[in-house]
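Chains as they are written, first to last, in the working numbering: chain A, 147 to 532; chain B, 147 to 532.
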């Protein structure tokens, strides 16, 4: 198995980009990553996208987007695992370079979510839940995560304020990220006073509907050194993928995210690392409770200690393990198929030491954790600067 | 790069299976393949599916289907390249085993197409075309392929009767396949007398709307020999993937399928084979013209000679290179995401010498060619018995 490095990164600004179609968003991010890598061709394009069919009436992105880039002919593949589609695109590109099937892969993620009416957007996102056992009964994701939050609060004493502190931290980080959808300082009072969505979750506990795209270029470590002799390669040392039951009704416990735990364990095992080795992480904070549960599932904190950790500033910039320095899904925005790739963008940027005001000093080992549905799937990557 | 073998195959019967939901179809094929392989667990599941979102309101199949098989936890990945989704699932599994990331992969394809009303089914399929430059103007796939047929007839003198002979041959083959949707003998007169769909294509030039699933298990050649000491391994020696412009308006010529040609060349190069080495092929006959054009693009016949080849029986059972011994998409049926995997099922069955009445004598090298949209993407695999 060959060693695989990230040699280029690019992304659009995230936001409600009503005037920009999917293909243009995608091309902007793709071209930025190719430019950063110093490449004008690749052996393969992978595309993470949750549901361009339901959001925009367009499937077959492999053909559409290779074509849009003027690269018709080049092999391309779209992958989908709901909101973990971007992470899966990274994994797919990683396998291609590791195997020797491809030497350079343009890994991309994209979602165009605003150009449908509100009802359709909620419906499209809802298809990540079990259509027959969850969706049919009318529940959507805020409701599902609200149930996870209730159980976590009851079982571990996680407080409503601790949930709010996740949003406060991530919005503070988003203020330092020019790509973020929101540049907006919020405080605990503001979160607690926002509209109730699904008790106990309020508007400021929820990630937004977002348009955007992100891209990274993968190649062998040797090729990375040739392309960028002045930059130390950022190497993907661990890749973990896992599933859980799609409906939360079938899980042994609602207080833990088993797919995240398994994917994390697989990534740690491949990289030969433990949670203590990780200097910073981007985790899937689609709702505030999700960040708390992810930091526990990944072993950064004991079960039940994710809430106190955020309260004590352990996950803030300058803390023990900064989490979601990019602003996370909460503040940076959550174009679902792009999110997993944008996480790798952020970690690479940090490991290169190019994250500006939000730079984590001395960051050499980072993690990106992406998740589908209410935890039905997860992808975890460990990146290291060598 | 490790050598990869097919060690198990399974599929449902194809047809209008109104009473069977997607997850049950899928599980039937998956369990049959695992049973054939003699395995009860795998390292990864890949799922080819074009549009469960639009057809059934369910995305996130990776989680849904791992769960349905009682395997929640196992890594799973859905891939999509319109009607080439199944071939892409094979490619994705191949990369995982070749790289060493996974030792055993359950590769699957599925589509549930009948449980929507007619208008939606046509709309869902139409999202494989360019939504803005083709679909918006009202054209659907019979119209797109009718244009390709017209150009081919004009440029090469391909006849209306030759198109019909593709259907006659494939329905004759389908009569010998218990999994086929149709067990129906047709003659040239019958095809020419069927309802006009998009001139010159008639009803019997078109593949049907179908429900179904197929699965194959991939592993290393060494593991395949351990699992099945009495069977010679069927090895994937070549894998080629390519794209073309999504809209046919942007192509240099409408008389050739460039993605098929490129994917074929890449597979031949990897396998160290030429078209003359191939003993039989499953090609993507979504319309009769598509089979003729595919046999030319893959180099079995010179451009323009695909029509005469079928007229002269070169692609029939017992001919120079039997094409679509399974009955093809035309007679076996075309559950779009399942088709590419079902092609590998047929080739493996033939190379094992277990194809019964439709067995190609002495078949040792076979090819599977899967295609998305009007040729916007294609996946080609070469399989050999060693």
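Built from N, CA and C at the ideal position, the CB exists for glycine as well. These figures come from a predicted structure and were not determined experimentally.
Residue-level contact to chain B via CB, residue i, 8 Å cutoff
| i | result |
| --- | --- |
| residue 435 (chain A) | no |
| residue 206 (chain A) | yes |
| residue 387 (chain A) | yes |
| residue 526 (chain A) | no |
| residue 419 (chain A) | no |
| residue 353 (chain A) | no |
| residue 343 (chain A) | no |
| residue 481 (chain A) | no |
| residue 276 (chain A) | yes |
| residue 236 (chain A) | no |
| residue 226 (chain A) | yes |
| residue 502 (chain A) | no |
| residue 402 (chain A) | no |
Residue i in three-state terms, based on DSSP
| i | result |
| --- | --- |
| residue 277 (chain A) | coil |
| residue 133 (chain B) | With chain B represented from 147 up to 532, any question about residue 133 (chain B) goes unanswered, as that position is not in the structure. |
| residue 287 (chain A) | helix |
| residue 204 (chain B) | coil |
| residue 496 (chain B) | helix |
| residue 456 (chain B) | helix |
| residue 365 (chain A) | strand |
| residue 259 (chain A) | coil |
| residue 433 (chain A) | strand |
| residue 416 (chain A) | helix |
| residue 389 (chain A) | strand |
| residue 534 (chain A) | This structure cannot settle anything about residue 534 (chain A), because the visible part of chain A is limited to 147 through 532. |
| residue 332 (chain B) | coil |
| residue 193 (chain B) | strand |
| residue 223 (chain B) | strand |
Spatially closest choice to residue i from the options, by CA coordinates
| i | options | result |
| --- | --- | --- |
| residue 331 (chain B) | B:258, B:318 and B:418 | B:318 |
| residue 250 (chain A) | A:157, A:370 and A:401 | A:370 |
| residue 405 (chain B) | B:210, B:322 and B:230 | B:230 |
| residue 391 (chain A) | B:207, B:277 and B:345 | B:207 |
| residue 393 (chain B) | B:507, B:167 and B:287 | B:287 |
| residue 289 (chain A) | A:302, A:275 and A:300 | A:275 |
| residue 272 (chain A) | A:334, A:524 and A:520 | A:520 |
| residue 493 (chain B) | B:224, B:380 and B:409 | B:380 |
| residue 246 (chain B) | B:336, B:364, B:212 and B:162 | B:364 |
| residue 362 (chain B) | B:147, B:169 and B:182 | B:182 |
| residue 518 (chain B) | B:526, B:500 and B:303 | B:526 |
Test: residue i CB closer than 8 Å to a CB of chain A
| i | result |
| --- | --- |
| residue 464 (chain B) | no |
| residue 383 (chain B) | no |
| residue 536 (chain B) | Nothing about residue 536 (chain B) can be read from this structure; chain B reaches only from 147 to 532. |
| residue 457 (chain B) | no |
| residue 180 (chain B) | no |
| residue 210 (chain B) | yes |
| residue 392 (chain B) | yes |
| residue 286 (chain B) | no |
| residue 213 (chain B) | yes |
| residue 196 (chain B) | yes |
Residue i classed as buried or exposed, judged by whether at least 16 other C-beta atoms fall within 10 angstroms
| i | result |
| --- | --- |
| residue 342 (chain A) | exposed |
| residue 399 (chain A) | exposed |
| residue 491 (chain A) | buried |
| residue 266 (chain B) | exposed |
| residue 348 (chain A) | buried |
| residue 502 (chain A) | exposed |
| residue 186 (chain A) | exposed |
| residue 359 (chain A) | buried |
| residue 430 (chain A) | buried |
| residue 280 (chain B) | buried |
| residue 581 (chain A) | Outside the displayed span of chain A (147 to 532) sits residue 581 (chain A), for which this structure offers no information. |
| residue 324 (chain A) | exposed |
| residue 395 (chain A) | exposed |
| residue 172 (chain A) | buried |
| residue 375 (chain A) | exposed |
| residue 508 (chain B) | exposed |
| residue 569 (chain B) | This structure gives no information on residue 569 (chain B), because the portion of chain B shown stretches from 147 to 532. |
Proximity test, residue i beta-carbon vs the ligand SAH heavy atom, cut-off 7 Å
| i | result |
| --- | --- |
| residue 413 (chain A) | Although the ligand SAH was asked about, the structure shown includes no ligands whatsoever. |
One or two residues paired with residue i in a DSSP bridge
| i | result |
| --- | --- |
| residue 325 (chain B) | Per DSSP, none; premise fails for residue 325 (chain B). |
| residue 523 (chain A) | A:389 and A:518 |
| residue 154 (chain B) | B:363 |
| residue 357 (chain B) | B:161 |
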